[in-house]
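A.B. asks:
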Amino acid sequence: MATIYGHIPTPVNVLLDIDDTLYHQPQYRSSGGRAEIVAIAHFLECDTKEAEAYIRNRRKHIRRMTGVDATLTQVVYALGMPADEWNRVRCSIWKPIHWLSRDTALCQAIQMFVSHPRVHYVVCGTNSPVAVGIETLAILGLPDTLRVFGPESFSCSKPNQGFFLGIVQAVHSDVSEWISIGDRESSDCDPALAAGFAGAILIQGRDDLIKTIHMLGE
């Protein structure tokens, strides 16, 4: 069941998360996650167990310094991998075409939502590369008019507040008209609210998203 923080403004602009929000495919996520660890280990010139230990320790350090749980992308940058290299690695790993397929129910819900008179903008934000996000939307059958923003869009990623503010500026809008919808409170909700978004909705996956979209469209 969705949890709403803040309020839903009228008109409203919506930032949608992609992974584990628009689709539910645990095997895809776990397979890609394992491949990322292998790639990080290769960069660090160590085995995967050592790489996992480095990641855990760096996450703890970032948590102590910021009070916020770090995403893997933040950890990778902190471990010294350049952003463009991490982007190339992830593009080579994440292949949604092998795991996902058209989702008619989701498409219908999104189409209804983007055409609602209350809704001005609907965009997608991801910590995956933009190219992977665009491919994911295409495979799911979602409108190609949905803009996708990723780490390379603003040289930062969720949960950095700059990511959320970058999207607001990119579509020439007012931050107070935005809400963020996603499956991770620490990445999709808390930083959006801190950046000045009017609201945020924590959902429990694709089915919950569809229910939430219908609720917002009433």
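Residues in the sequence shown are numbered from 32 upward in steps of one, following the numbering used here.
We put the beta carbon where it would ideally sit given N, CA and C, even for glycine.
Quantities reported herein were computed from a predicted structural model and do not represent experimental measurements.
What did DSSP end up calling Trp209 once you bin it into helix, strand or coil?
C.D. replies: Numbered from 1 along the sequence shown, position 178 holds the residue referred to as residue 209. Trp209 falls in the strand class under three-state DSSP.
A.B. asks: Give the secondary structure of Thr135 by DSSP, where H, G and I count as helix, E and B as strand, and everything else as coil.
C.D. replies: In the sequence shown, residue 135 corresponds to position 104, counting from 1. Here Thr135 sits in helix by DSSP.
A.B. asks: Since I believe Ala223 is in contact with Ser211 (beta carbons under 8 angstroms), could you give me their beta-carbon distance rounded to a whole number of angstroms?
C.D. replies: The residue labelled residue 211 in the question sits at position 180 within the sequence shown. The residue labelled residue 223 in the question sits at position 192 within the sequence shown. Rounded, the Cβ-Cβ distance is 4 angstroms, consistent with contact.
A.B. asks: CB Asn158 to CB Pro182, shorter than 8 angstroms?
C.D. replies: Position 127 of the sequence shown, counted from the start, is the residue given in the question as residue 158. Position 151 of the sequence shown, counted from the start, is the residue given in the question as residue 182. For Asn158 and Pro182, yes; Cβs fall inside 8 angstroms.
A.B. asks: Beta-carbon separation of Cys155 and Leu168 under 8 angstroms?
C.D. replies: In the sequence shown, residue 155 corresponds to position 124, counting from 1. In the sequence shown, residue 168 corresponds to position 137, counting from 1. Yes; because the gap between Cβ atoms is below 8 angstroms, this pair is in contact.
A.B. asks: Have a look at Glu249 and Arg89 and give me their C-alpha separation to the nearest angstrom.
C.D. replies: Counting from one through the sequence shown, the residue named residue 249 turns up at place 218. Counting from one through the sequence shown, the residue named residue 89 turns up at place 58. Computed Cα separation, rounded: 44 angstroms.
A.B. asks: Cβ atoms of Ser217 and Asp100: under 8 angstroms apart, would you say?
C.D. replies: Sequence index remark: in the sequence shown, residue 100 carries index 69 (1-based). Sequence index remark: in the sequence shown, residue 217 carries index 186 (1-based). In this structure, Ser217 lies closer than 8 angstroms to Asp100 by Cβ.
A.B. asks: At a cut of 8 angstroms, does the segment 35 to 48 reach the segment 91 to 106 through at least three beta carbon pairs?
C.D. replies: Segments in contact, no.
A.B. asks: Extract the residue ranges of the alpha helix (DSSP H) inside the segment 135 to 175, only unbroken runs of 4 or more that lie entirely within it.
C.D. replies: Counting only runs of 4 or more, we get 135 to 145 and 161 to 171.
A.B. asks: Between which two residues does the alpha helix (DSSP H) containing Ile128 stretch?
C.D. replies: Here the question's residue 128 lines up with position 97 in the sequence shown. Taken as a continuous stretch (DSSP letters only), Ile128 belongs to no alpha helix (DSSP H), as it is neither H nor E.
A.B. asks: What three-state label does DSSP hand Gly63 in the structure shown?
C.D. replies: In the sequence shown, counting from the first residue as 1, residue 63 sits at position 32. Helix, per DSSP.
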